Amino acid sequence: GPDNEEAIRVLHGLQPLNRWIGNEMMHRSVLKVPSSIVAFNIYMNSLDRVGQKLSTNRSQRKEKRLSMTMFTCALDLCVLNAYGLFCCLECQPGMTMREFKRRVVEELTSRERSRREKKRSGEIPAAVSSPRVIVNATSDHHITTNKRGRDLECRLCRELGLQVKVRYGCTGCKEGFYVDFFTAYYAREALNKDDPDMLKVQETLAEKSIGQPVHKTRVRSNNSITPLPELKLHCHWRSGSA
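Under my numbering, think of the first position of the sequence shown as 819, with each following residue one higher.
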């Protein structure tokens, strides 16, 4: 305790330390702690991490929960001990503490990073480029707008297990399509094989071609897709203005 003179003498006295307790508004509270903790903070990259990660703005400051700072402190001590053993064994001479910590972090987070990368690669892009080719004019499949706006489900997205609304549909199969995904169905040779956005599309089409199970698609006919004879250009001039 603060009144134990023998303990204070063993710890080389007490020193002030600024710390957030939880009731402050603008300034941290000043506590008396063993001077060894303050010295360790200065020279050995912080034994006490409570006062770190604080905002410098004059407002309510943000910091990690105390339980998290205690956890990271324990991890730091483990890494320090591991690095000491690593240097004694001389497994790889010349490796710095920073590099050692970086490799430990990469090893501990490798599975989570891999999971996030797979999830990110499976997402449908918000915007797709315009079609690179025009489907053969003699084909029965043409992409047109939807009469009711953006309320069609993309057929290929459903086969990928996603629910995405589009405003274009095919006049032949009466299904909704992204423009590039329509090209993937009816002009696959026009796809760029190096396009990362189309890799998942090509994989799905390949699985379908060899009989692999895919998500169920809609078989009901959709009458909201504009037929080709009803497509008209909008005229913005009046007959009497000529």
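We put the beta carbon where it would ideally sit given N, CA and C, even for glycine.
Quick caveat: nothing in here was measured; it's all calculated off a predicted structure.
8 Å contact criterion, which residue i and residue j should meet: CB distance rounded
i      : j       : result
Leu974 : Tyr1003 : 7 Å
Asn964 : Tyr986  : 7 Å
Gly994 : Leu970  : 3 Å
DSSP beta-bridge partners of residue i
i       : result
Pro1045 : According to DSSP, Pro1045 bridges with nothing at all.
Thr779  : Absent from the model: residue 779. The displayed extent of the chain is 819 to 1060, so no value can be given.
Arg933  : Note: Arg933 sits in no beta bridge, so no partner.
Gly994  : Cys972 and Gly987
Ser847  : Arg837
Pro852  : Leu832
Other residues of its chain near residue i: CB distance less than 6 Å, five sequence neighbours each side excluded
i      : result
Leu833 : Looking at the sequence itself, residue 833 is Gln, so the reference to Leu does not match. Answer for Gln833: Ser853 and Val856, listed in chain order.
Glu925 : none
Asn899 : none
Gly831 : Ser853
Tyr901 : Met915 and Phe918
Val851 : Leu835
Cβ-based neighbour list, residue i, same chain, cut-off 8 Å, excluding 5 preceding and 5 following
i      : result
Val893 : Note that residue 893 is Leu in the sequence shown here, rather than Val. Correct list: empty, nothing qualifies.
Val897 : Phe918, Lys919 and Val922
Leu895 : none
Asp958 : Thr989 and Gly990
Contact set for residue i: own chain, Cβ-Cβ below 7 Å, skip 5 residues either direction
i      : result
Ser932 : none
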